[in-house]
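Below: one structure, written as structure tokens.
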Amino acid sequence: MKQLKKALALAALTAAMGAQAQTELTVYTAVEAEDLAKYAERFNEAHPDIKINWVRDSTGVITARLLAEKENPQADVVWGLAGTSLLLLKNEGMLAPYAPEGLDALSPKFRDSDETPSWVGMDAWMAAICVNTVEAEANNLPMPTSWQDLANPVYQGHVVMPNPNSSGTGFLDVSAWLQMMGEDSGWTFMDGLHQNISRYTHSGSKPCKMAASGETTIGVSFAFRGARLKEQGAPLELVFPSEGLGWEVEATAIVNGTDNLEAAQTLVNWSISRDAMEMYNEGYAIVGMPGVAKPVQNFPANAEELIIDNDFAWAASNREAILAEWANRYDNKSEAE
Amino acid sequence: MTQQTQGSRLEIHGVHKNFGDFSALRDINLTIEPGELVCFLGPSGCGKTTLLRIIAGLEQQSAGQLLQGNDDISLKPPKDRDFGIVFQSYALFPNMTVTANIAYGLHSVGTPKARIRERVAELLEMIGLAEHARKYPAQLSGGQQQRVALARALAPSPGLLLLDEPLSALDAKVRHHLRSEIRSLQKQLGVTTIMVTHDQEEALAMADRVVVMNNGVIEQVGTPLEIYQQPQSAFVAEFIGAMNFIDSAPLNGQRVMVGNRAVDVVRPLPEGKGGVRLAIRPEDVHLLPSGDGDWEGRVEAMDYLGAFIRTQVRLTDVALDLVVDVDPRSARQLELAVGNRICLHLPSDALHCFAA
Amino acid sequence: MAGLRQKLSDRGPFAALLVAGCAVLSLLVLAPLYTLLSKSVENRAGEFVGLENFARYLSSGGIESAFLNSLWVAGLSTVIVVGLAFMAAWALTRTRLPLTGWVRGVLVLPILAPSLLPAISLVYLFGNQGVLKGWLFGAEIYGPIGIVMGSCFWTFPHALMILLTAMDNADGRHYEAASALKASAWRTFWTVTVPGARYGLVSAAFVVFTLVITDFGVPKVIGGQFDVLATDIYKQVIGQQRFEMGAVVSVLLLLPAMLAFFADRYVQRKQSASFTARSVPYKARADRKRDVLGALVLTPTVVFILAIIAMAVYASFVTFWPYNLDLSLNNYQFGRMDGGGWGAYFNSLQLALGTMVLGTVLVFFNAWLMERTPQPKILTGVFQFLSLLPLAVPGLVLGLSYIFFFNHPDNLLNGIYGTLLILILCTVSHFYAVSHLTAVTALKQLDKEFEAVGESLKASRWRVLFTVTLPLCLPAILDVALYLFVNAMTTVSAVVFLYGPNSQLASVAVLSMDEAGDIAPAAAMAILITVTCAGAKLIQGALRFWVDRSTRAWRQGTE
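Residue numbers (the UniProt record's numbering), protein chains in the order written: chain A, 1 to 337; chain B, 1 to 356; chain C, 1 to 559.
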């Protein structure tokens with residue numbers, strides 16, 4: 001009997017060690033697809049024993065998925081999702097608070113305000129307008145400089161923007177407009193803009209990609225995507241509207257009830273390490289650890305000055321109402337045709 | 001050379017079969033002797049095929065008992081019974097050669113390979129298809145397929161052979177030929193055989209005994225001669241061969257009234273007080289020159305059917321048409337022609353009597 | 001009592017197996033659907049709220065437009081597709097044009113492509129940078145025009161195959177009678193050809209209508225802001241996380257699909273009754289004018305199909321449309337895009353193979369139980385209903401109901417959620433009905449006494465199954481296998497809600513890449529899927545050829 005127990009214990013130990021040796025984490029993310037391999041690779045340089053299985057989709061989709069799976073969560077970690085979405089998940093009790101190593105080095109804007117934060121920030125991505133210069137010339141369109149310009153009837157049918165219901169970029173735009181302009185004029189602006197929109201897309205990248213390929217002239221998108229496409233040789237001009245830029249924290253969190261807590265914590269620790277911050281900086285001008293960021297090609301040097309003072313708590317708590325109102329007003333573009 | 005099979009005896013006791021409210025078989029009792037060939041004969045829907053399928057175990061009787069030899073097979077599934085069967089469609093396995101088809105049942109029971117080869121060769125010889133052994137069913141004529149199906153059914157030497165309308169898919173000439181072939185094969189092997197058919201000629205030509213069925217009951221069991229000459233019901237009389245029916249009323253003793261005329265009969269009259277249906281076969285009616293017989297009539301139609309002439313005569317006294325078969329020589333002597341008057345004689349020993 | 005025991009020992013096992021078959025189908029189709037229906041009358045917290053969700057959906061205005069949009073777009077596509085398919089079928093069966101074998105091959109090509117492919121191709125053809133943009137006279141391809149064109153492309157083969165079947169069976173004597181009565185070619189067409197194909201026409205119309213109204217791929221890619229029911233479900237669920245509203249729209253989508261299904265069954269029943277006499281096959285006589293007309297009728301359709309496919313192939317190799325037209329393989333580097341990359345492709349292969357194997361076995365085994373073993377009538381009736389039910393359930397609806405059913409924490413099977421297995425099960429269910437019908441047709445053609453003969457020869461039904469039934473059904477088995485493989489490869493609607501981190505799929509990757517704006521890689525992946533399906537088709541064709549050749553002796557009776 002004793003021997004049996006011993007054998008069992010040994011077996012359990014080996015199994016545990018085996019599991020330790022090759023822990024797999026299911027990580028939900030909205031990080032741009034082209035960067036996922038890089039992120040995993042860099043992480044594995046430090047922690048080769050943890051394998052990341054990515055599930056990537058647009059911010060809205062990943063948020064929806066997490067909510068849908070609330071009773072039976074599939075994800076261990078969320079790495080790279082909008083702060084407002086994580087706030088929403090936190091309010092649903094779906095996140096496990098954790099204070100990672102090096103938490104103090106983060107700028108206060110880049111962490112959940114609780115003492116043991118439910119999420120910690122990585123970087124910020126910010127709005128930008130992608131304008132196809134070839135098409136602008138062909139269509140005889142002036143270069144816009146502000147958000148208000150986009151409501152100018154001259155642009156009718158030439159603007160594409162992401163649907164805030166599915167796209168994090170779309171939501172940060174709408175939320176920024178409402179914060180900057182006030183609710184009433186914000187919606188009035190969007191009513192005007194709506195007249196010019198030819199399509200609301202599912203993803204925040206797509207408007208810029210459409211502008212890059214000339215499918216549209218103007219794409220409301222975000223700086224990272226515009227910069228990348230410009231690098232690839234697309235005839236794009238990035239416009240950073242004068243009123244200010246909406247932005248959003250991209251952040252990391254542990255999903256409540258994960259079976260791999262230890263590995264999850266390891267990942268979160270690394271996600272706010274200096275190495276990680278330098279990696280984020282390759283694509284994003286603003287990162288969570290002050291003093292790390294270097295200028296990024298095709299980004300404005302003064303990025304930090306252009307972004308608005310975003311009230312994430314307000315955005316998160318009003319998210320559902322804003323989205324419902326938006327859907328109610330604009331979700332049937334067909335009727336406007 | 002050919003293996004002599006011990007045909008089994010089959011007893012059927014009180015079998016009923018209901019499909020929902022419909023009663024397909026009622027109180028079937030029958031004993032079939034070893035080595036006998038029995039035909040189930042009847043119109044479609046009479047229950048003959050159902051009875052065959054019950055014997056095979058393909059249908060389950062609602063009540064009743066079946067004995068094969070001393071063995072109660074009432075509740076046995078088909079694979080535990082001892083029979084071979086040939087269906088109307090033959091159901092040969094099209095993806096197998098003649099040899100493989102015949103060997104199929106031998107493989108099932110684990111017969112040694114050498115023995116299988118021997119047995120298949122023997123059967124091929126018997127059915128005269130040795131040179132077609134490696135052909136597929138689709139490459140054979142209908143008659144050849146029929147023989148392969150027969151050989152396949154006989155290969156495991158069953159005590160009972162069931163044939164479900166085995167000849168109906170063939171044309172007339174092949175059918176006649178195969179009739180005698182099957183019959184001689186069956187006699188040679190001594191296998192107890194039940195054949196279902198709706199063709200009375202086939203039944204009469206092949207069977208030791210015929211079971212005439214109608215509406216789920218057995219009307220009569222007997223040798224072909226008995227069935228033909230002594231039909232026990234109007235149905236059998238009419239179904240087997242041709243028959244004229246004459247309505248009459250009982251008078252006294254062995255006399256009945258047809259129209260306003262008294263007729264003597266030899267056979268016993270049916271019990272009860274109702275009317276009597278007299279019946280007489282066309283070949284039993286005698287035609288005589290005009291003025292010679294007891295009945296007068298006029299020739300209405302004549303059909304030449306080869307060996308005899310089927311003549312339709314309208315009686316003068318009674319509103320009745322009789323069909324009479326006449327051999328051509330007599331017809332010539334009588335100068336039989338449509339429109340001519342003629343006399344008829346109905347021999348009293350040829351008159352059957354049924355309840356009306 | 002004794003009789004009962006015998007039934008149990010002899011026939012019981014088969015009935016028990018079919019009961020198990022019914023249970024499996026109930027689990028895979030009925031139970032998820034029930035969960036979906038009950039979700040549609042519950043609020044988010046899971047309390048019963050009656051028809052409140054429906055009321056809310058209807059009162060939210062624009063949503064009726066999705067319903068009406070769906071109806072008219074599907075209706076218009078149906079008219080166009082059935083019209084074109086009928087003309088094509090006429091040209092293929094009633095003229096003496098050469099190369100009709102090749103033309104048939106081209107015309108059914110779209111069946112090998114995911115429905116997203118035509119939509120993507122249309123963007124390159126008629127989008128703002130499209131090579132043929134001018135042909136639209138300023139109209140926008142994003143919207144109903146694109147949906148109708150894309151839908152026409154991928155539903156065309158379905159209509160064509162139904163109509164070819166209907167018209168291949170033409171009775172030559174009717175044409176002889178018409179010409180003996182000195183009817184003109186035009187009058188013959190309207191009095192003989194059209195009435196002869198009328199059941200085929202009705203059936204094709206129902207099939208196309210159902211396919212279009214339940215399709216999600218085409219409107220998603222090229223619908224622009226034009227709302228239809230299928231994209232609305234996706235938006236409600238994915239965009240707004242309103243699962244109960246997704247359930248509501250699903251129910252609304254289920255209605256026209258069910259209606260079309262029952263109408264089609266009704267028509268088909270009439271059809272089988274109308275073919276009674278044996279007919280003489282029709283042989284077209286030489287008629288140059290008619291053949292020219294046939295060529296004229298066929299050309300636009302053939303060109304349209306080839307153009308769509310060629311455009312997608314070309315676009316998939318273009319480096320940066322439209323500014324850098326150099327050809328490269330950049331777009332095939334899926335690792336840098338959304339959707340799971342090459343891993344998704346290999347997952348799709350696994351899904352397709354798994355669906356093919358599991359589906360073919362399940363379908364044939366159940367069909368065999370139903371057709372070839374003794375079964376109580378009521379059981380076969382129930383089973384037949386369950387088998388055909390998936391035909392009436394749109395893939396999107398099935399997929400959504402799988403989430404509700406299998407991801408429920410109380411469901412013992414919730415472990416399969418997010419795995420390849422649930423995708424296989426869902427895909428098998430989704431395409432069960434057509435496979436079942438094929439299997440049943442093949443099994444019905446066999447002599448009904450094989451099993452009885454087998455039993456008289458002491459062979460079990462199993463031995464008859466493996467030595468006779470299966471070899472005879474091999475061509476049908478190959479057909480079902482290919483059907484399942486191709487559909488598993490190309491389907492989007494049923495799996496779009498169901499894939500998990502380790503089970504991303506190529507067809508969904510096409511969608512994801514398009515959503516992310518990576519339309520050229522999306523085209524590349526769609527082409528890859530099409531090529532894979534074409535490869536499968538070639539392999540299946542070779543196998544069928546081999547089977548036909550090695551079995552010709554017993555099939556045709558000649559050596």
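Just so it is clear, CB atoms sit at the ideal spot from N, CA and C, and this is done for glycine as well.
Candidates the options: closest to residue i by CA position
i, options, result
"tyrosine 284 of chain A", "A/Thr59, A/Val55 and A/Ala124", "A/Ala124"
"alanine 64 of chain A", "A/Glu320, A/Ala315 and A/Asp331", "A/Glu320"
"alanine 279 of chain B", "B/Phe235, B/Ala307 and B/Gln88", "B/Phe235"
"aspartate 112 of chain A", "A/Thr59, A/Leu245, A/Gly204 and A/Leu95", "A/Leu95"
"proline 250 of chain B", "B/Ala355, B/Thr316, B/Ile182 and B/Ile342", "B/Ala355"
"serine 550 of chain C", "C/Leu109, C/Leu472, C/Asp287 and C/Gly415", "C/Leu472"
"alanine 155 of chain B", "C/Phe545, C/Ser456 and C/Phe48", "C/Ser456"
"alanine 268 of chain A", "A/Trp247, A/Lys38 and A/Ile50", "According to the sequence provided, residue 268 of chain A is valine. The question's alanine does not apply to it. When each option's Cα is compared against that of valine 268 of chain A, the closest is A/Ile50."
"arginine 179 of chain B", "B/Gly159, B/Met206 and B/Ala307", "B/Met206"
"asparagine 29 of chain B", "B/Pro328, B/Asp294, B/Ile218 and B/Phe93", "B/Ile218"
Outcome for residue i when other beta-carbon atoms lying within 10 angstroms are tallied against a minimum of 16
i, result
"methionine 143 of chain A", "exposed"
"phenylalanine 312 of chain A", "buried"
"asparagine 91 of chain A", "exposed"
"histidine 177 of chain B", "exposed"
"asparagine 407 of chain C", "buried"
"valine 324 of chain B", "buried"
"glutamine 225 of chain C", "buried"
"isoleucine 116 of chain B", "buried"
"tryptophan 186 of chain C", "exposed"
"glutamate 335 of chain B", "exposed"
"arginine 134 of chain B", "exposed"
"tryptophan 326 of chain A", "buried"
Coil, strand or helix - residue i by DSSP
i, result
"histidine 107 of chain B", "helix"
"asparagine 18 of chain B", "strand"
"threonine 380 of chain C", "helix"
"alanine 12 of chain A", "In this prediction, alanine 12 of chain A has a pLDDT of 49, which is less than 50 and means its spatial position is unreliable; nothing more can be read from the coordinates."
"histidine 352 of chain B", "strand"
"leucine 336 of chain B", "coil"
"phenylalanine 40 of chain B", "strand"
"valine 182 of chain C", "Note that residue 182 of chain C corresponds to lysine in the displayed sequence, not to valine. Three-state result, lysine 182 of chain C: coil."
"tyrosine 124 of chain C", "helix"
"aspartate 57 of chain A", "coil"
"glutamine 68 of chain B", "strand"
"valine 287 of chain A", "strand"
"asparagine 43 of chain C", "coil"
"proline 294 of chain B", "The sequence as given places aspartate at residue 294 of chain B; proline does not occur at that position. Note: aspartate 294 of chain B maps to coil in three-state DSSP."
Supposed close pair residue i, residue j - CB separation, criterion 8 Å
i, j, result
"valine 86 of chain B", "leucine 150 of chain B", "6 Å"
"phenylalanine 497 of chain C", "lysine 39 of chain C", "13 Å between Cβ atoms; not a contact."
"glycine 150 of chain C", "isoleucine 222 of chain C", "6 Å"
"leucine 245 of chain A", "isoleucine 197 of chain A", "Not really, about 19 Å apart at Cβ, beyond 8 Å."
"aspartate 284 of chain B", "alanine 242 of chain B", "That pair is no contact at about 11 Å."
Below-7 Å beta-carbon distance, residue i vs any chain D residue
i, result
"lysine 209 of chain A", "No chain D appears in this structure, whose protein chains are A, B and C."
Original post:
Given 8 Å as the limit, is there contact between the segment 455-471 of chain C and the segment 326-335 of chain C, that is, 3 or more CB pairs closer than that?
Top reply: They do not touch, by the three-pair rule.
Original post:
Between the segment 85-99 of chain A and the segment 195-213 of chain A, do three or more beta carbon pairs fall short of 8 Å?
Top reply: no
Original post:
Can we say the segment 192-201 of chain B touches the segment 7-22 of chain B, given the rule of at least three CB pairs closer than 8 Å?
Top reply: yes
Subject >> Stretch-stretch touch, CB-based, cutoff 8 Å, three pairs: the segment 266-274 of chain B with the segment 294-313 of chain B >> reply: no
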